[in-house]
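Asker: The structure is given below, and queries will be raised subsequently.
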Amino acid sequence: ATGYPLAYVAARLAMGENLPSVRNSVTKTTTACFEPSMDYCVVKFPRWDLNKFKGVSAGLGSAMKSVGEVMSIGRNFQEAMQKAIRMAAPGMLGFQPLTTFESDEAINAVLSNATDQRVDALAAAFERGDSVASIEAATKINPWFLCKLHTIHLLRRHLQKRTLHTITAEEMLLAKQQGFSDKQIAIALGADDVAVRRHRKELGVLPVVKQIDTLAAEFPAQTNYLYMTYNGTMSDQPVRKSGVFRLNHEAPSTMVLGCGAYRIGSSV
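Using this note's numbering, the first residue of the sequence shown is number 9, and each one after it goes up by one.
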């Protein structure tokens with residue numbers, strides 16, 4: 009998405025060249041040492057359908073077992089992660105515990121041995137009071153990621169102490185910036201998601217439209233590659249009151265929406 013020629017550079021490095029000697033094939037002038045300047049975070053999340061295959065183990069390893077994936081974009085990991093979970097797994101609202109584990113032993117088993125339910129197990133572990141350190145010891149997951157997920161968990165618990173009438177604009181904005189959907193917030197507040205959406209708009213908590221730089225900040229980007237986020241104060245592209253996004257106000261435009269998982273074989 010940034011325009012950085014990853015495959016080309018990786019191939020040259022595999023052939024024994026070093027970064028300073030590899031030229032950027034896009035700019036023709038800078039070297040591969042150039043690091044794109046990015047103000048967004050992308051999470052690629054697998055889509056699992058292991059229950060469709062008889063006799064297949066749920067354990068995850070080096071073998072390819074996902075049947076597709078999603079790519080979500082946000083301004084921070086928490087926002088992108090929660091978006092990805094909702095896109096890849098219909099019915100899941102984000103990073104929060106489900107009722108799929110019958111006992112603590114079942115949670116511990118998934119933490120120690122990765123399966124397609126590992127994200128659910130992480131949420132359940134935080135819910136029962138496990139620390140980042142203990143989960144790291146069981147899963148070997150980098151604590152950076154665990155700390156970000158723990159932040160989501162703590163904010164959800166904080167929202168459960170609020171109601172639709174006591175939540176502040178700052179708390180609503182923080183929840184949206186951390187990737188919470190209106191329905192997630194509604195469940196935490198014990199309210200209706202339609203009422204939460206109406207109240208959020210009344211509080212002035214609205215998303216902005218941001219543009220991805222597809223030329224890695226080396227040239228002015230004109231590609232209308234957009235995503236929506238609550239981590240911003242103004243849109244990169246003009247937004248008409250009717251809700252139609254346009255590069256200019258003269259010619260009509262077409263919006264291509266990205267939603268749900270790309271499934272392997274869907275393009276065949």
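Just so you know, even glycine gets a beta-carbon here, dropped at the ideal spot from N, CA and C.
Computed from a predicted structure; not experimentally measured.
Going by Cα to Cα distance, which pick from I220, Q192, T241 is closest to G212?
Answerer: Selected option, being the one with the closest Cα: T241.
Asker: How is R55 classed by DSSP in three states: helix, strand or coil?
Answerer: R55: strand per DSSP, three-state reduction.
Asker: When we look at the beta-carbon of E178 and count the other beta-carbons within 10 Å, is it buried (16 or more) or exposed?
Answerer: So E178 counts as exposed.
Asker: Enumerated in chain order, which unbroken segments of the alpha helix (DSSP H) with a length of 4 residues or greater are wholly contained in the stretch 68-131?
Answerer: Correct list: 85-96, 112-120.
Asker: Please classify M263 as buried or exposed, where buried requires at least 16 neighbouring CB atoms within 10 angstroms.
Answerer: M263 should be labelled exposed.
Asker: Under DSSP, the alpha helix (DSSP H) around L197 begins and ends at which residues?
Answerer: Counting along the chain, the alpha helix (DSSP H) containing L197 begins and ends at 190-197.
Asker: Report all residues from its chain with a CB closer than 7 Å to the CB of K184; omit the five preceding and five following residues, and keep chain order.
Answerer: Hits under 7 Å: V213, Y238.
Asker: From V51, G24, P13, K148, pick the residue whose C-alpha is nearest to that of A88; which is it?
Answerer: Closest by alpha carbon: V51.
Asker: Taking P75 as the reference, give the member of R55, K91, Q125, K60 with the closest Cα.
Answerer: It should be noted that the sequence gives Val, not Pro, for residue 75. Nearest C-alpha to V75: R55.
Asker: CB-CB under 8 Å to S243, same chain, minus the five flanking residues each way: which ones, in chain order?
Answerer: Only V216, V217, K218 meet the Cβ criterion.
Asker: Taking 8 Å as the threshold, find out whether the stretch 195-204 comes into contact with the stretch 161-179 through three or more Cβ pairs.
Answerer: A contact exists between the stretch 195-204 and the stretch 161-179.
Asker: Using 10 angstroms around the beta-carbon of L162, count the other beta-carbons present and answer buried if the total reaches 16, otherwise exposed.
Answerer: By the 10 Å Cβ count, L162 comes out exposed.
Asker: Report the option in R136, L167, E77, D190 whose CA atom is closest to the CA atom of E110.
Answerer: When each option's Cα is compared against that of E110, the closest is R136.
Asker: Work out the CA separation of D128 and G102 for me, nearest whole Å.
Answerer: When rounded, the distance between both Cα atoms is 10 Å.
Asker: Name, in chain order, the residues that DSSP records as bridge partners for M236.
Answerer: In the DSSP output, where bridge partners are listed per residue, M236 has V217.
Asker: For P27, count neighbouring Cβ atoms within 10 angstroms of its own Cβ and tell me buried if that reaches 16, exposed if not.
Answerer: The amino acid occupying residue 27 in the given sequence is Leu; Pro does not appear at that position. Result: exposed.
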